[in-house]
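S.K.: Residues in the sequence shown are numbered consecutively from 37, following the working numbering.
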Amino acid sequence: MEFIVKTLLFLHVSFGFTSLVLFWLPVFLKKGGKGHIITGKLYVIAMWVVVTTAALLSIKNVVIGKYFMAAFLGFIALITANPLWYGMAILRKNAQENKTFQITHTIIDGLMSLIGLLFVVWGIYLKGEGNAVLLLIFGGLGCTVIPSFIKKVRSPYQAEDRIKGHMVGLLTSGIAAYSAFFVFGGYTWMQQILPGMWQVLPWVAPGVVGGVGITLGVKYFRKKGMIAAKA
Numbered sequence: 037m038e039f040i041v042k043t044l045l046f047l048h049v050s051f052g053f054t055s056l057v058l059f060w061l062p063v064f065l066k067k068g069g070k071g072h073i074i075t076g077k078l079y080v081i082a083m084w085v086v087v088t089t090a091a092l093l094s095i096k097n098v099v100i101g102k103y104f105m106a107a108f109l110g111f112i113a114l115i116t117a118n119p120l121w122y123g124m125a126i127l128r129k130n131a132q133e134n135k136t137f138q139i140t141h142t143i144i145d146g147l148m149s150l151i152g153l154l155f156v157v158w159g160i161y162l163k164g165e166g167n168a169v170l171l172l173i174f175g176g177l178g179c180t181v182i183p184s185f186i187k188k189v190r191s192p193y194q195a196e197d198r199i200k201g202h203m204v205g206l207l208t209s210g211i212a213a214y215s216a217f218f219v220f221g222g223y224t225w226m227q228q229i230l231p232g233m234w235q236v237l238p239w240v241a242p243g244v245v246g247g248v249g250i251t252l253g254v255k256y257f258r259k260k261g262m263i264a265a266k267a
């Protein structure tokens, strides 16, 4: 059992670091070019290893009674897997017209919404103590898909521009990856650099910077005609 856990940790950390580096290559390489496609696929593969090992380590934490870590790690795996899956699946021809695609997208959004709400309630219940801040921040991230989930349930599935969906999905997965890194990998040295509540900054920064980057990126590629104009 110990060997399996150590192997999972090694794969999680090594592929996690690799994905953080690979993330930037398709961002800056020519879109649709060979380099963009190859490095993008490598990034996706590395990220799926990270997500899978995170899910397995979450199960391990349930077994040994570390329920908060199990829930938190499992949720991060989910909020990373969702845009990672969507960003690639949407590229398939007529994917959004496929019922399986639509149902899968709706179910995952529903899970994120429900768990996000539970995390927020849990964080409020803790009244600022323990892991309350983490629960509120990441629970809030989960809650951002609530409007999308409600829209899917109440009305027919509305297709999105494929290139926009691909770009937003993959960039969002990168935001989740960097957020997870600062929460787990960078927490110790962040405690030494940043005082008090400022330690929360690295957890929030990837979402803020990434959100601005996605907005500017969509506008840029819309002007270039790669993303359809707004209706």
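Note that beta-carbon positions come from the ideal geometry of N, C-alpha and C, so glycine has one too.
Where residue 100 and residue 93 are concerned, what is the direct C-alpha to C-alpha distance, given to the nearest angstrom?
M.R.: Near 11 Å, if we compare the C-alpha coordinates of residue 93 and residue 100.
S.K.: Apply the 10 Å Cβ neighbour rule to residue 46 and answer buried if 16 or more other Cβ atoms are within range, or exposed otherwise.
M.R.: Looking at its Cβ environment, which holds fewer than 16 other Cβ atoms inside 10 Å, residue 46 is exposed.
S.K.: Taking the alpha helix (DSSP H) that residue 122 falls in, what are its first and last residues?
M.R.: Here the alpha helix (DSSP H) through residue 122 covers 103 to 125.
S.K.: Between the alpha carbons of residue 212 and residue 116, how many angstroms are there, rounded?
M.R.: C-alpha separation (whole angstroms): 6 Å.
S.K.: Measure from the alpha carbon of residue 250 to the alpha carbon of each residue in 240, 202, 218, then state which is nearest.
M.R.: It is 202.
S.K.: In whole angstroms, what is the alpha-carbon distance linking residue 142 and residue 182?
M.R.: Approximately 11 Å, taken between the alpha carbons.
S.K.: Apply the 10 Å Cβ neighbour rule to residue 267 and answer buried if 16 or more other Cβ atoms are within range, or exposed otherwise.
M.R.: No answer about residue 267 holds up, because its pLDDT of 46 lies below 50 and its placement is not dependable.
S.K.: Just checking my contact of residue 152 with residue 123 at CB under 8 Å: how many whole Å lie between their CB atoms?
M.R.: No, residue 152 and residue 123 are not in contact; Cβ-Cβ is about 20 Å, not under 8 Å.
S.K.: For residue 62, is the classification buried or exposed, using 16 other Cβ atoms within 10 angstroms of its Cβ as the cut-off for buried?
M.R.: Residue 62 comes out buried.
S.K.: Just the Cα atoms here: how many angstroms apart are residue 205 and residue 120?
M.R.: So the two alpha carbons sit approximately 6 Å from each other.
S.K.: For residue 48, I'd like the list of residues in its chain whose CB is within less than 7 Å of its CB, leaving aside the five on either flank, ordered along the chain.
M.R.: So the qualifying residues of the chain are 86, 89, 90, 93.
S.K.: Using only CA atoms, which one of 80, 135, 37, 147 lies nearest to residue 97?
M.R.: Of 80, 135, 37, 147, the residue nearest in Cα terms is 37.
S.K.: Secondary structure at residue 162, three-state DSSP: helix, strand or coil?
M.R.: In this structure, residue 162 counts as coil in the three-state DSSP scheme.
S.K.: Please report the residue range of the alpha helix (DSSP H) in which residue 100 lies.
M.R.: Premise fails: residue 100 is in no alpha helix (DSSP H) and is neither H nor E.
S.K.: In this structure, does DSSP put residue 51 in helix, strand or coil?
M.R.: Correct three-state label for residue 51: helix.
S.K.: Give the straight-line distance between the Cα atoms of residue 53 and residue 169, rounded to the nearest whole angstrom.
M.R.: Distance between the alpha carbons of residue 53 and residue 169 is about 25 Å.
S.K.: Given this structure, state the Cα-to-Cα distance separating residue 255 from residue 102, to the nearest angstrom.
M.R.: Computed Cα separation, rounded: 44 Å.
S.K.: Note down, in chain order, each residue of its chain lying with its Cβ closer than 8 Å to the Cβ of residue 154, except the 5 sequence neighbours on either side.
M.R.: 175, listed in sequence order.
S.K.: Could you tell me which of 58, 195, 219, 246 sits nearest to residue 129, measuring between CA atoms?
M.R.: Among 58, 195, 219, 246, the Cα nearest to that of residue 129 is on 195.
S.K.: Taking the beta carbon of residue 265 as the centre, do at least 16 other beta carbons fall within 10 Å, making it buried, or is it exposed?
M.R.: Residue 265 should be labelled exposed.
S.K.: Distance, Cα to Cα, residue 219 vs residue 65?
M.R.: If you take the alpha carbons of residue 219 and residue 65, they lie about 29 Å apart.
S.K.: Have a look at residue 207 and residue 83 and give me their C-alpha separation to the nearest angstrom.
M.R.: C-alpha separation (whole angstroms): 12 Å.
S.K.: Along the chain, where does the alpha helix (DSSP H) containing residue 186 start, and where does it finish?
M.R.: It spans 182 to 190 - the alpha helix (DSSP H) in which residue 186 sits, taken as one unbroken run.
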